[in-house]
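Asker: Numbering (the working numbering), first residue to last: 3 to 209. Beta carbons are placed, not taken as given, at the ideal position from N, Cα and C, and that holds for glycine. Here it is, the structure, as structure tokens.
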Ligand SMILES: Nc1ncnc2c1ncn2[C@@H]1O[C@H](COP(=O)(O)OP(=O)(O)OP(=O)(O)O)[C@@H](O)[C@H]1O
Ligand SMILES: [Mg+2]
């Protein structure tokens with residue numbers, strides 16, 4: 003399965019999502035995380051600690067490495083052009099668009115969704131990340147708005163937790179982070195991973 007993570011907006015959790023989706027898929031079969039961001043955030047993250055339990059490589063190595071792995075996840079950089087987005091969407095089984103719970107127009111989300119719509123792309127799903135804890139309701143509000151617009155959204159929402167930045171700072175995946183909520187943080191991406199697998203199965207059936 004080939005997954006891409008992209009968004010017009012920076013800082014929305016693309017790299018965090020790519021790392022943890024790769025970590026989940028790697029529990030099922032060998033997985034390659036391709037770092038397609040010029041700033042090499044995922045690579046640097048993996049180098050700060052003992053390394054990830056899966057392979058991280060520069061996107062330039064994709065051709066050489068791709069055949070060795072069952073799954074691949076591509077992390078991408080900020081501000082892709084519409085052509086970049088089109089190539090990514092067409093080259094993967096599922097494009098994940100992380101979005102923070104802000105109004106649709108402030109986060110570049112509407113722009114991303116409209117661009118995909120123009121390309122007749124349907125193989126994408128929005129993932130709401132950094133959801134504040136209750137009683138805040140921004141995440142549910144964004145989800146309800148996207149549902150109403152018939153934009154595909156993951157059922158799982160990723161909570162805003164310090165465990166994620168701790169994991170990045172210490173160069174590990176979140177399950178290994180020294181934080182009381184590390185388990186909760188990992189469970190959220192595990193649930194996303196399961197949704198991805200279910201999605202892939204449904205696509206295969208329809209093919
Ligand atoms: N669910 C979360 N809860 C709290 N902090 C988070 C969460 N997800 C990501 N972060 C933090 O937010 C910051 C941005 O996350 P990340 O680097 O994954 O975003 P990005 O979209 O890849 O950014 P860029 O556009 O710069 O590549 C990082 O400090 C990261 O640790
Ligand atoms: Mg990034």
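1) At a cut-off of 7 Å, would you count residue 166 as near ligand 1, judging by its Cβ distance to the nearest heavy atom?
2) Regarding residue 39 and ligand 2, is the C-beta to nearest heavy atom distance less than 7 Å?
3) Mind checking which residues open and close the beta strand (DSSP E) that includes residue 76?
4) For the candidate residues 209, 4, 7, 12, whose alpha-carbon lies nearest to that of residue 110?
5) Closer than 8 Å, CB to CB, is residue 114 near chain C or not?
6) Does ligand 2 have a heavy atom nearer than 7 Å to the CB of residue 132?
7) Assuming residue 176 and residue 166 make a contact with CB atoms under 8 Å, what is their CB distance in whole Å?
8) Is the CB-CB distance between residue 158 and residue 193 below 8 Å?
9) For my contact list, residue 21 and residue 195 are in at a C-beta cut-off of 8 Å; report their separation, rounded to the angstrom.
Answerer: Checking against the coordinates, here is how it stands:
1) Checking the Cβ of residue 166 against ligand 1 gives yes.
2) Under cutoff, so the answer is yes.
3) For residue 76, the enclosing beta strand (DSSP E) covers residues 73-78.
4) Comparing Cα positions, the closest option is 12.
5) No chain C is part of this structure, which consists of one protein chain only.
6) No, ligand 2 has no heavy atom inside 7 Å of this Cβ.
7) Yes, residue 176 and residue 166 are in contact; Cβ-Cβ is about 6 Å, under 8 Å.
8) In contact: residue 158 and residue 193 (Cβ atoms closer than 8 Å).
9) Contact between residue 21 and residue 195 does not hold, since the beta-carbon distance rounds to 12 Å and is not under 8 Å.
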